[in-house]
Amino acid sequence: MTRTLFVSETEGVCGGYPCVGDTRIPVRSVVTVYGQLGDFAQTMDAFPRLTREEIRYALDWYRMHPERVDEDIRRNARTLEDRQSRQRDAGAPRWQSARPARAGSGRG
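Here is the structure:
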């Protein structure tokens, strides 16, 4: 386990990638939201459980270790892409029944 004041990397938590303190909020999430919003105050609003210092430190940690956070961002993007691809390949969502609706059932 790697730990600094506001960032920790723990095996088995968020894939071992950096999280803010003892939370399960990945540094990548703070970095991504800040990158999308471009505003520190709005980023704070997006993470009400985090203090100003925790958010600032997460962004500073990214500036010092961009390769580690960028790797996590890429890994998560690939995982999302793989899952979406499998869903497309599988056809209907799992919750949607493949059986035809019965007459009078109100379905279909």
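Counting in our numbering, the sequence shown runs from 537 upward without gaps. Positions of the beta carbon are idealized from the N, C-alpha and C atoms, including for glycine.
- Secondary structure within the region 566-604: the alpha helix (DSSP H) runs of 4 or more consecutive residues, fully enclosed, are 576-582 and 588-600 (chain order).
- Under DSSP, the beta-bridge partners assigned to Val543 are Val556.
- Contact annotation, Ala594 with Val563: C-beta distance approximately 5 Å; criterion of less than 8 Å satisfied.
- Judged by their CB atoms, Leu586 and Val556 are nearer to each other than the 8 Å cut-off.
- Contact between the region 598-616 and the region 578-585 is absent: fewer than three C-beta pairs spanning the two stretches fall below 8 Å.
- When only Cα atoms are considered, Trp597 and Glu607 end up about 14 Å apart.
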